[in-house]
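J.:
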Amino acid sequence: MAHLWCSHGIPRPLDSPSHLHLTNYHQPFSSQAIPDAWPICRHHLELVSRLLHLHFRDCKTKVSGDALQLMAEFLRIFVLEAAVRGVWQAQAEDLDVVEVDQLEKVLPQLLLDF
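In terms of this note's numbering, the sequence shown has 132 at position 110, counting the first letter as 1, and numbering is strictly consecutive.
1) Mapping the DSSP letters down to three states, classify serine 86 as helix, strand or coil.
2) Looking at the structure shown, is histidine 77 part of a helix, part of a strand, or coil, going by DSSP?
3) Contact check, histidine 65 vs alanine 94 under 8 Å by CB: the rounded distance?
4) Using DSSP with H/G/I as helix, E/B as strand and the rest coil, what is glutamine 49?
5) In angstroms with no decimal places, state the Cα-to-Cα distance between phenylalanine 51 and alanine 89.
6) Enumerate in chain order the residues of its own chain whose CB-to-CB distance from valine 70 is below 8 Å, with the five nearest sequence positions on each side excluded.
7) Out of Val128, Phe100 and His77, state which residue places its alpha-carbon closest to the alpha-carbon of tryptophan 110.
8) If you compare alpha carbons, which of Asp116, Val101 and Val120 is closest to leucine 132?
Now the structure itself:
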């Protein structure tokens, strides 16, 4: 799965998945630093399809390609926004690391905004 991270320029996850080091950010992080469109590859669509099908009551339910693309884009934006808000929260707390605590603090407003 490492190739998914590298192929889109997304920073590789650290050994501990519960935090993100901010030492690479020399100035305040902004959403403008995020590319407008990371391409959604076949692997992303397969993952989104599998996630959707896990929650369907009828196993015969199908998802159109357009709906799958839209859902993948929505999830991409949601995850990026969560990461940015987590960084902002960590910076507001003068921390060098984004941990689960910062994400938990921004999640309620993020869910309301979406």
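Backbone N, C-alpha and C define an ideal beta-carbon position, used for all residues, glycine too.
T.: In terms of the structure at hand:
1) Taking the sequence shown and counting its residues from 1, the one referred to as residue 86 is at position 64. The three-state secondary structure of serine 86, taken from DSSP, is coil.
2) For the purposes of this step, residue 77 is identified with residue 55 of the sequence shown, where counting begins at 1. Looking at histidine 77 - three-state DSSP - the assignment turns out to be coil, as it is neither helix nor strand.
3) Walking along the sequence shown from the start, residue 65 turns up at place 43. Walking along the sequence shown from the start, residue 94 turns up at place 72. The Cβ separation is near 10 Å, so there is no contact.
4) The residue labelled residue 49 in the question sits at position 27 within the sequence shown. Per-residue confidence for glutamine 49 stands at a pLDDT of 46, beneath the threshold of 50, marking its modelled position as unreliable; the derived number appears in the next sentence. In the structure shown, glutamine 49 sits in coil (DSSP, three-state: anything other than H, G, I, E or B).
5) Indexing the sequence shown from 1 puts residue 51 at position 29. Indexing the sequence shown from 1 puts residue 89 at position 67. Unreliable placement is indicated for phenylalanine 51, whose pLDDT of 49 sits below 50; no coordinate value is reported for it.
6) What you label residue 70 is simply residue 48 of the sequence shown in a count that begins at 1. The answer, listed in chain order, is Leu90, Met93, Ala94 and Leu97.
7) Sequence index remark: in the sequence shown, residue 110 carries index 88 (1-based). From the listed residues Val128, Phe100 and His77, the smallest Cα separation to tryptophan 110 is found for Val128.
8) Mapped onto the sequence shown, residue 132 falls at position 110. Out of Asp116, Val101 and Val120, Val101 has the C-alpha closest to the C-alpha of leucine 132.
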